[in-house]
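A short worksheet on the structure shown next.
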Amino acid sequence: MNLPLDPTGEPSPAERSLPRRAQLTGAALSAVQERILAPLNEAQRRAVTTTAGPLLVLAGAGSGKTRVITHRIAWLIQHEGVAPWKILAVTFTNKAAAEMRDRLHEMIGEAARDVAMGTFHSLCARMLRRDGEAIGLPKGFTIYDADDQARVIKGFLKEDDLPATGETKPSLILGAISRAKNDGLNADQMEDRAITHHERLVARFARRYAAELKRLDAVDFDDLLLEGLRLLQEAPAVADRYRAKWEYLHVDEYQDTNRIQYNWVRELAAKHGNLCVVGDDDQSIYSWRGADIRNILDFERDWPTAEVVPKKKLWTELEGGDQITVYGAFDPEDEAAWIVRRIEEASAVVTGRRADAPEPVSLNGIAILYRTNAQSRAIEEALLRSSIPYQLIGGTRFYQRREVKDALAWLRVLRSDTDRISYERILNVPPRGIGDKTIELLRAAAAPSVSAPDGTPYGHVIAAAGRGEVAGVNTRARNSLAGIADVISRLRDRIAAVTLPELLDGVYSESGLRAHLASEGVEGEERWANLLELRGISGRFMELAPLDALDRFVEETALVADQDAFDGDAERVTLITLHAAKGLEWPTVFISGLTEGLFPHSRALMDQEQMEEERRLCYVGITRAKRRLSLSYALRRGWGDGDGAPSRFLAEIPEELLVVANDDDPRADGETRFGRGFRSARAGFAGGESWREGSGTPGAPSGAFRPGRDLEARRRAYSAGARSGSLRVPDTDGIDEAPDDDEYIGEAPELIQPVGRIPPWAATGRGAAGAPPQTAGAPLPPPLRPRTVAPARARIPGERYFRDGDRVLHPSFGEGIVVTSKLTRHDEEVTIAFAGSGVKTLAASIANLEVQG
DNA sequence: CACCTAGTACTTTTT
DNA sequence: GTACTAGGTG
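Take 198 as the starting number for the first sequence in the numbering used here and just add one per residue.
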């Protein structure tokens, strides 16, 4: 319950904590000042106390930018006497908002609850839920995630009999549509600008997609922002209300806002201009999803009176810390083993620590960062082997797991007749005889026709089909549909009378999900546990009226971010992508996979701007470390795409800051400055005398680990602990009450993801680390995809013909750059980043490759 | 017509 | 791992 108006006339907690300006005489004033300003440096103080008008805070990593916002809000409330509900703070994740609120709560108490905070997406969703009808958006709209979006597109592809691969791959089409939307283009404008065949194709899909989402009462993530902006632009009365409501605006991570978000903020600030944005252009890493660095560069132009708190020195901060350790590994397993060994040495995990060893570090002070989610695999295995607990952020996200989405689809269906995608999701789970053919008939029946120009709501079609009113549906499917329609109507009758967890109980049992999972063995148990987890999380909404609880739960679950799962207090090592690590810090950080083609990623090799973004990403990663930083790379990368050179980013770090961990390694040949070089790698790989044989990884305890059984047992022990540990009682439960009778968007309940989940592949032992399949002599060549027949080229036996960085021309893939190449027994496998067709590995003797002068 | 199994191809980053 | 497909079976 959030700030109920007290019938006795006592001041509300918010009112109590509000100092009156008039009361702030000498001593009181300085006490407030002291508490808020004392921990801040000069620049921060200036930012905090500059409260009127536009303010741009540009500062480097670790300089306390978020802190500036928190203290500024405290200052506004306690020193300037601004009502907390007049203040808005936009953060990058829900987690960041929750943390900011926690810190604010410590500083100023209960008033912290009334400050509006959230992500752009969640704030827009809340505003649209309340006021969207002013621009024609139905109240009960559903938020579609990437998976839902793809299902919509796949429906089109099926209608058109097009493949879901190649240039009509749903993710590709959706990416293009999203980019156009973020550029402010609608389908018509896309069509006008389309030049290539593919662009016209995408434009047509964009039109259909927009129409279909409208028909389904659904919005995607981009729409949330676009409609949120449209609300402010096209509903003046509503816009004025919000402008009057929020007199002081704050935006964190401003460098990652896109054009739409910027315009949204500008609309809100139009009246009073009290806009404080905080960012660091060196940490701009989201241009691929529309973030526009011009938002920073243009700020002063758009707000001529803006105060700017200047950027501070950055790199010198590194000098105070320890030197950076670099390790050149042979392959990802070796790399992971080295990281784990260092963690064991530094933490108390390893027994028999030397007496003179430094104070053991705690596991929650350690993070392992990587460029792509797939890279977590090798590291997880190594951690599991050493029984080091970890939390994996991202990867297969909880709310995207199949069974969780199934359960959520049921909830969506209960509150929508039109949400076809969710209906189709639940129709045949568990299998009940409703297949492709039946779905096709249902879609046809729902489609617009002469008698129903807007189409028929899918929910109605299902009920009709259950009554035998849709021709062609076979008996079994018909009975199932009748059963589903019946369950839906019964559950709907119950919504208003039961709590959300109880409603989910009904869904689980009456949908057959529960019985289905019970018959599915170990995997079913795992999935069932996830459904119980979901049920537990839904309990956070019990304070709300049941119908509101359902709406809010469905909405919030659609908007959780990866980072929201991060638990900084858990005694676990954190595994996280470089992107998701932004805004977080640890005393000890490992950045793994610093291999050309991985980081920087191969897709960035062709493009100067993308390469710069990779470099900034590296900067973000490096600056996550408060005290100790270790960098590592593996010469052999996974996926059979050849060897990789040490990342160029390693070479860009001043030599004197680095300590090479394997300098004295007898296997290192000194060919590269980072120890293990190409020649030794190649010899070890192809020559059969690999140090890898037998013992696995040098220096690691050998023979103690049996991949299959051990992993299984440990996985069980872990997942149990991880689950119970992940459920936190919400700090507060206030949701939506206005402190006065003003309409109000305030605190959202915090949704927590399970942490430390052990991925299924670790459980089976199939993917577990161990010696790779050994073949005599050369390793198995990766599959050669393209088969361009061409005469063999002259080459010197035993020597690579293609050099990294060579520009090459391929008859069908066009121009590309050699990422790396590897000698096999009779050939050379060249990995090339092509401008248009991505990265391919080709056999030099077969592919007709021309080296460009 | 639906369902199951096995085989194949795919993996940048995410609200 | 996931998603999709093809082909055989009930």
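No residue lacks a Cβ here, since even glycine has one placed at the ideal position from N, Cα and C.
- Put simply, the backbone Cα of Ile284 is about 47 Å away from that of Glu542.
- Taken in chain order, the unbroken stretches of alpha helix (DSSP H) that lie wholly in the segment 328-366 and span 4 residues or more are 343-357.
- The beta carbon of Arg673 is closer than 7 Å to those of Gly630 in its chain, skipping five residues each way along the sequence.
- Rounded to the nearest angstrom, the gap between the Cα atoms of Asp495 and Ala309 is 32 Å.
- In summary, His776 is buried, with 16 or more beta-carbon neighbours lying within 10 Å of its beta-carbon over all protein chains present.
- Taking the C-beta atoms as reference points, Lys602 is found nearer than 8 Å to Asp344.
- Secondary structure at Leu697: helix, using DSSP grouped into helix, strand and coil.
- Between the segment 742-752 and the segment 677-697 there are three or more C-beta pairs closer than 8 Å, enough to call the two in contact.
- The beta carbon of Val558 lies closer than 7 Å to those of Ala543, Ser544, Pro784, Thr785 in the same chain, with the five residues before and after it left out.
- Residue pairing by DSSP puts Cys473 in a beta bridge opposite Leu252, His447.
- DSSP places Lys468 in the coil class of the three-state scheme, outside both helix and strand.
- At a Cβ-Cβ threshold of 8 Å, His276 and Leu421 do not count as neighbours.
- Rounded to the nearest whole angstrom, the C-alpha separation of Ala762 and Ile521 is 29 Å.
- If you look at Glu504, you'll find it in the beta strand (DSSP E) that goes 504-506.
- For Pro843, DSSP records a beta bridge to Thr792.
- Judged by DSSP secondary structure, Arg539 falls within the alpha helix (DSSP H) whose first and last residues are 529-543.
- Secondary structure at Phe317: helix, using DSSP grouped into helix, strand and coil.
- Of the residues assessed, Trp461 falls on the buried side of the cut-off, its CB having 16 or more other CB atoms within 10 angstroms.
- Linking Ala488 to Gly315 through their CA atoms gives a straight-line distance of about 18 Å.
- Under the three-state reduction of DSSP, Phe787 is assigned to strand.
- In this structure Met324 is buried. Its beta-carbon is surrounded by 16 or more other beta-carbon atoms within 10 angstroms.
- Asp804 sits in coil when the DSSP states are folded into three classes, being neither helix nor strand.
- Looking at the DSSP output, Ile590 sits in no beta bridge, so it has no partner there.
- From the listed residues Gln480, Asn383, Arg412, the smallest Cα separation to Val399 is found for Asn383.
- The closest CA to that of Ile233, considering only Glu740, Ile270, Arg348, Gly250, is found on Ile270.
- For His798, the beta-bridge partners assigned by DSSP are Gly794, Leu795.
- DSSP, read as helix, strand or coil, puts Asn455 in strand.
- Secondary structure at Tyr830: strand, using DSSP grouped into helix, strand and coil.
- According to DSSP, Val1048 shares a beta bridge with Val1005.
- The beta carbon of Glu782 is closer than 6 Å to those of Arg821, Lys823 in its chain, skipping five residues each way along the sequence.
- For Glu450 against Phe289, the beta-carbon gap comes to about 4 Å, under 8 Å, which counts as contact.
- The count of Cβ pairs closer than 8 Å, one atom from the segment 403-416 and one from the segment 247-260, stays below three, leaving the stretches out of contact.
- When DSSP reads this structure, Asp417 sits in a beta bridge with Tyr341.
- Collapsing the DSSP output to three states places Gly487 in coil.
- Take Leu678, set aside five residues on each side of it, and the residues of its chain with a beta-carbon closer than 6 Å to its own are Ile659, Ala662, Gly663, in chain order.
- In the three-state DSSP reduction, Lys779 falls in the coil class, being neither helix nor strand.
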